[in-house]
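First up is the structure itself, then whatever we jot down about it.
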């Protein structure tokens, strides 16, 4: 069965710090992965997606993620976070959109 | 703008009193999903419709039902809400199940008294 796991459940950073949120998947075959973000009081929205091709995927708001097949990972990165990045971040696998546990990111101004 | 709309945004009901949540979409997507999201947890899929075909998740309680009268609308019926059903209910759509990029509505927060 498909599963996705996120290592960091709660991350606190200062503005301008670099961000990396971990995501690991455990299924074979064709691997497609998403990162969704949920800002406080707002709906879930897609940050970026990997379907095939270039393993380095760029998304909205300066986020990127790298698919590393040998490590079964799809970590989310941003070189310099802003206070407005405070949100819940979910890694997800398609099929039935299986979500990881989520990571709460709090950015201190 | 094409979008996913959920009504109401906040719903309060009494223990055991049936409640219906509504979702509509202007994206003309084939697939519509209902998720339950409890505080500090990931969304959990309840069921989805591919066109008119209903697909229930194995662990979705019988208390939860859904209707999709046409492409644009989908309803979540909770026949006898319990205190444990208090949650955010999210509706989402996707063009098909292959691409499966889902677009989410703002959610309905259900309170059960």
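Protein chains in written order, with my numbering: chain A, 1 to 109; chain B, 110 to 222. Heads up, the beta-carbon is just placed ideally off N, CA and C, and yes, glycines get one too.
Quiz prompt | Beta carbon of residue 61 of chain A nearer than 9 angstroms to that of residue 85 of chain A | solution = Against the first chain, residue 61 of chain A aligns to sequence position 61. Against the first chain, residue 85 of chain A aligns to sequence position 85. Cβ atoms of residue 61 of chain A and residue 85 of chain A: closer than 9 angstroms.
Quiz prompt | Buried/exposed call for residue 161 of chain B, threshold 16 Cβ in 10 Å | solution = Position 52 of the second chain holds residue 161 of chain B. An exposed status is given to residue 161 of chain B, since fewer than 16 other beta-carbon atoms sit within 10 Å of its beta-carbon.
Exercise. Return the residues of the stretch 56-76 of chain A that lie within a Cβ-Cβ distance of less than 8 angstroms from chain B, sorted by chain order.
Key: Per Cβ criterion, the list is empty.
Practice problem: Specify whether the stretch 75-84 of chain A and the stretch 168-182 of chain B touch according to this definition: at least 3 beta carbon pairs, one from each stretch, less than 8 angstroms apart. | Solution: no
Practice problem: Identify each residue in the stretch 94-108 of chain A for which the Cβ-Cβ distance to at least one residue of chain B is less than 9 angstroms, and report them in chain order. | Solution: Of all residues in the stretch 94-108 of chain A, only 94, 95, 96, 97, 98, 99, 100, 101, 102, 104 place a beta-carbon less than 9 angstroms from a beta-carbon of chain B.
Quiz item: Okay, do the stretch 130-141 of chain B and the stretch 184-194 of chain B touch, 3+ Cβ pairs below 8 angstroms being the bar?
Solution: yes
Quiz item: How about residue 196 of chain B and residue 99 of chain A: do their beta carbons lie closer than 9 angstroms?
Solution: Looking up residue 196 of chain B in the second chain gives position 87. Looking up residue 99 of chain A in the first chain gives position 99. No; because the gap between Cβ atoms is not below 9 angstroms, this pair is not in contact.
Exercise. Using the DSSP secondary-structure output, state which residues sit across from residue 77 of chain A in a beta bridge.
Key: Mapped onto the first chain, residue 77 of chain A falls at position 77. Paired residues: A:20, A:64.
Quiz item: List, in order along the chain, the chain B residues whose C-beta lies closer than 9 angstroms to that of residue 45 of chain A?
Solution: Looking up residue 45 of chain A in the first chain gives position 45. Correct list: 212, 213.
Quiz prompt | Contact set between residue 78 of chain A and chain B, taken where Cβ atoms lie within less than 9 angstroms | solution = The count along the first chain starts at 1 and reaches residue 78 of chain A at position 78. Within 9 angstroms Cβ-Cβ: nothing; residue 78 of chain A doesn't reach chain B, min ~21 angstroms.
Quiz item: Got a sec? Which residues, its chain only, sit under 8 angstroms from residue 127 of chain B by beta carbon, not counting five neighbours each side?
Solution: Working through the second chain from its first residue, we reach residue 127 of chain B at position 18. Excluding sequence neighbours, residue 127 of chain B sits near 186, 187, 188, 189, 190.
Quiz item: Considering only the beta carbon of each residue, do residue 2 of chain A and residue 25 of chain A sit closer than 9 angstroms?
Solution: Reading the first chain from its first residue, position 2 is the one you call residue 2 of chain A. Reading the first chain from its first residue, position 25 is the one you call residue 25 of chain A. Closer than 9 angstroms, so yes.
Exercise. Tell whether a beta-carbon distance below 9 angstroms holds between residue 76 of chain A and residue 67 of chain A.
Key: As a first step, residue 76 of chain A is located in the first chain; it is residue number 76 there, counting from the start. As a first step, residue 67 of chain A is located in the first chain; it is residue number 67 there, counting from the start. No, they are not a contact pair.
Self-check item: beta strand (DSSP E) segments (min. 3 residues) lying fully within the stretch 124-156 of chain B
Solution: 128-134, 140-146
Quiz item: Where does residue 203 of chain B fall in DSSP's three states?
Solution: Within the second chain, the letter at position 94 stands for residue 203 of chain B. Residue state, collapsed to three classes: strand.
Quiz item: Which of the three DSSP states, helix, strand or coil, is assigned to residue 186 of chain B?
Solution: Along the second chain, read from residue 1 onward, the residue named residue 186 of chain B stands at position 77. Looking at residue 186 of chain B - three-state DSSP - the assignment turns out to be strand.
Quiz item: Can a CB atom of chain B be found closer than 9 angstroms to the CB of residue 32 of chain A?
Solution: For this step, residue 32 of chain A is matched to residue 32 along the first chain. Closer than 9 angstroms to some Cβ of chain B, the Cβ of residue 32 of chain A qualifies, so yes.
Practice problem: Take the Cβ of residue 137 of chain B as the centre, count every other Cβ of all protein chains shown within 10 Å, and call the residue buried at 16 or more, exposed below. | Solution: Here residue 137 of chain B refers to the residue found at position 28 of the second chain. Exposed, since its Cβ has fewer than 16 Cβ neighbours within 10 Å.
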